[in-house]
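Structure, as structure tokens:
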Ligand code: G6P
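In my numbering, the protein residues as written are 1 to 482.
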């Protein structure tokens with residue numbers, strides 16, 4: 001980072017900040033990636049001089065960029081793409097990281113039946129996950145070539161083996177951290193993984209200097225898992241293992257409120273606002289990727305139940321669901337998209353009238369429409385089964401103009417900060433969610449105003465800059481203790 005000690009900062013994530021394509025005129029063009037993680041890492045890079053961001057090549061043109069020797073400079077970023085063997089990448093992404101690790105960490109398996117682990121799992125690990133992680137490590141080592149003590153900031157569950165491979169080659173002088181952006185489960189759930197994954201990942205993470213999470217709950221669960229599976233010694237935020245000291249920390253990620261205030265006034269958003277404002281009745285909103293962890297189906301069921309119990313609400317509310325398709329090559333995700341569509345249709349058939357469609361479902365990427373809806377919702381539903389943080393709750397709270405009420409899952413990381421001012425729900429309890437949606441839609445204006453103000457103030461008091469600053473301070477403290 002931009003502090004005295006320590007060399008170049010290297011940020012690594014599977015998904016990068018931009019993707020390149022060749023335009024019709026043969027020019028290289030790029031589009032910026034959306035999403036919370038990318039925005040957050042941009043804030044990290046702003047604080048570091050000469051930093052490089054390493055990510056997987058996603059397009060043919062990214063591969064061309066990856067073959068160029070120096071990091072590619074675009075706007076204020078220096079990017080280096082890593083090319084993976086397509087089959088290895090497919091095994092990593094579609095077999096190991098997203099179904100297996102993601103499902104275990106979000107508690108998505110129907111454990112009496114799945115996962116059905118076996119030789120295929122081992123192949124996905126050995127021929128997919130491990131080689132892809134070695135590629136990342138190679139890129140880090142090359143980028144750090146002339147540096148005595150680089151700062152290497154690794155991000156998320158796609159890169160769990162990278163700390164080990166980097167440490168083997170850069171030694172103790174490098175500062176390594178891995179930020180886990182998704183929940184960390186209790187030890188028994190971690191033991192669902194085959195032993196080579198379960199132990200391999202933990203050994204690798206404990207070769208980092210800091211392992212970071214969004215909440216204290218996940219940080220505690222991680223320390224318990226390390227003690228349970230590897231017999232590591234743990235004591236208030238520190239794990240001792242094989243003579244090393246690893247700090248386990250919680251840094252709740254956030255957003256840049258100014259960025260959303262600007263976006264809220266942009267042309268694209270103002271145009272979408274005409275559509276959003278035209279929807280009948282009050283606006284119930286959800287904005288998510290089509291991920292099983294987001295609990296979209298139960299959300300529609302709860303809304304249907306609310307309409308069943310409160311016929312007077314029919315025609316008085318519209319549920320806008322803005323869902324961005326995600327990981328569509330994975331069977332479970334494709335099936336979930338179907339289930340989402342079917343459940344929405346069922347609610348519409350049961351309660352709809354010629355002049356009112358209870359659910360407006362969009363399964364397409366339309367960020368401006370989501371931002372327009374952020375400004376105008378009366379109730380925002382975030383009912384995730386589990387969620388590392390959930391930035392939608394924060395983004396929406398800072399620009400909402402209707403004193404909107406947040407209905408929030410107790411298992412979203414955001415609940416640690418925002419729970420007090422939201423209506424808390426158990427994501428598995430459909431009746432409770434139905435009651436909370438109703439309570440939110442009918443809440444007196446004064447209480448709505450108080451809660452909305454407190455939500456906004458809470459987000460403003462811990463922005464993305466604070467998130468970065470807290471980590472920089474710990475990096476300095478960690479280096480300083482050596
Ligand atoms: C979550 C993960 C990120 C991931 C993002 C989008 O936020 O924590 O690591 O990049 O989802 O998923 P995708 O598979 O499209 O990268």
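Where is the CB? At the ideal position from N, CA and C, for every residue including glycine.
As the crow flies, the alpha-carbon of residue 72 is around 30 Å from that of residue 96.
Remark: the shortest separation between the CB of residue 15 and any heavy atom of ligand 1 falls under 6 Å.
In this structure, the C-beta of residue 181 approaches ligand 1 to less than 6 Å from one of its heavy atoms. For the 7 Å CB-CB criterion, residue 92 and residue 152 do not form a contact. Between the beta-carbon of residue 14 and that of residue 55 there is about 7 Å, and that keeps the pair under the 8 Å contact cut. Inter-residue distance for residue 94 and residue 103 is about 12 Å (C-alpha atoms, whole angstroms). For residue 166, the enclosing alpha helix (DSSP H) begins and ends at 162-170. Per DSSP, residue 30 is one residue of the beta strand (DSSP E) stretching across 28-32. Spatial neighbours of residue 307 in its own chain (CB-CB distance under 7 Å, excluding positions within 5 residues in sequence) are listed in chain order as 313, 314, 351 and 358. Residue 156 has its Cβ nearer than 6 Å to a heavy atom of ligand 1.
DSSP lists no beta-bridge partner residue for residue 63. Residue 436 is a Cβ neighbour of residue 407, given a cutoff of 7 Å. CA-CA distance, residue 251 to residue 88, rounds to 32 Å.
Within the stretch 100-171, the complete beta strand (DSSP E) runs of at least 3 residues fall at 151-155. Counting only the Cα atoms, residue 376 lies some 11 Å from residue 274. Each of 249, 117, 144 and 432 was checked against the Cα of residue 197, and the nearest Cα belongs to 117. According to the DSSP assignment, residue 301 belongs to the alpha helix (DSSP H) that extends over 296-309.
One thing to note: residue 380 has its Cβ within 7 Å of the Cβ of residue 285.
Spanning the alpha carbons of residue 454 and residue 424 requires a straight line of approximately 15 Å. Residue state for residue 428 is assigned as coil, using DSSP reduced to three classes. One alpha carbon belongs to residue 475, the other to residue 83, and they sit about 30 Å apart. Collapsing the DSSP output to three states places residue 441 in a helix. Counting every other CB atom within 10 Å of its CB across the protein chains shown gives residue 258 a total below 16, marking it as exposed. If you ignore the 5 residues before and after residue 341, its C-beta comes within less than 8 Å of the C-beta of 361 and 363, all in its own chain and listed in chain order.
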